[in-house]
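Numbering (this note's numbering), first residue to last: 232 to 455.
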């Protein structure tokens, strides 16, 4: 299980992000000031740090410098701040932040970015664990060639459609929430609303067959 530190003096923001991250099986450590954050970083194996800039005792800039200069391992840093000017963003990135998210933000997008960072951290160990193809009945998804065939016929898919189909075919009959579908396909492209997900699902039904993609009302979608 990955360990994520959220350092922010706004407790409601910490609570909200914790809910989203824990649903993805991510353990969250909470800090409401920079001193608490440093203590956690010193004693716990933190994989990613989410850092607010305007914190009491030790601010976010000092915390970033501490992470980069004092820790004996690389920890990705995502700044979450109400400071939105270009100079603020540049300073945060120059000090060593890997990403800079301005408040207010979409918790779903932040959770997706955290998951993306975790994938990058584990890239060398996960790439070779993936199967080359996923076969379910007459449907074949080739992960090396990024192609989908049905009854021997190639079906053209967009990047987002392919990633969603890969997620669903990888665990047939498992129900995936809209949040999980979003995270699988759009984690690098900013916020995506529910309507966009519905459009992708509708297009996939047209291309692979409505009988294969079922809606589970109130929960999400699954591949059959």
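Glycine is no exception: its CB is placed at the ideal position from the N, C-alpha and C atoms.
- DSSP links residue 451 through a beta bridge to 447.
- Counting only the Cα atoms, residue 347 lies some 23 Å from residue 364.
- Setting aside the 5 residues that flank it on each side, residue 263 is surrounded in the same chain by 240, each with a C-beta closer than 6 Å to its C-beta; the list follows chain order.
- Beta-bridge pairing by DSSP links residue 312 to 333.
- Taking residue 404 as the centre and dropping the five residues before and after it, the same chain places the C-beta of 453, 454 and 455 closer than 8 Å to its C-beta, in chain order.
- When the alpha-carbon of residue 290 is set against those of 323, 265, 248 and 275, the nearest one is in 265.
- In this structure, the beta-carbon distance from residue 312 to residue 283 falls below 7 Å.
- Sequence-distant partners of residue 333 (beyond 5 residues in either direction) whose C-beta falls short of 6 Å from its own C-beta, in its chain, are 315.
- When the five nearest sequence neighbours on each side are left out, the beta carbons in the same chain lying within less than 6 Å of the beta carbon of residue 379 are those of 372, 386 and 388, in order along the chain.
- In the three-state scheme derived from DSSP, where H, G and I count as helix and E and B as strand, residue 410 is classed as helix.
- Nearest C-alpha to residue 302 among 274, 341 and 258: 274.
- The Cβ neighbour count for residue 244, taken over all protein chains shown within 10 Å, is at least 16; the residue is labelled buried.
- Here residue 257 is not near residue 276, since their CB atoms are 7 Å or more apart.
- In this model, residue 448 and residue 294 are separated by some 44 Å (Cα to Cα).
- Using a 10 angstroms sphere on the CB of residue 335, the tally of other CB atoms stays under 16, which defines it as exposed.
- The continuous alpha helix (DSSP H) containing residue 321 extends over residues 317-326.
- Counting C-beta atoms within 10 angstroms of its own C-beta, residue 342 has 16 or more neighbours from the protein chains shown and is therefore classed as buried.
- Residue 430 and residue 304 have their C-alpha atoms some 42 Å from each other.
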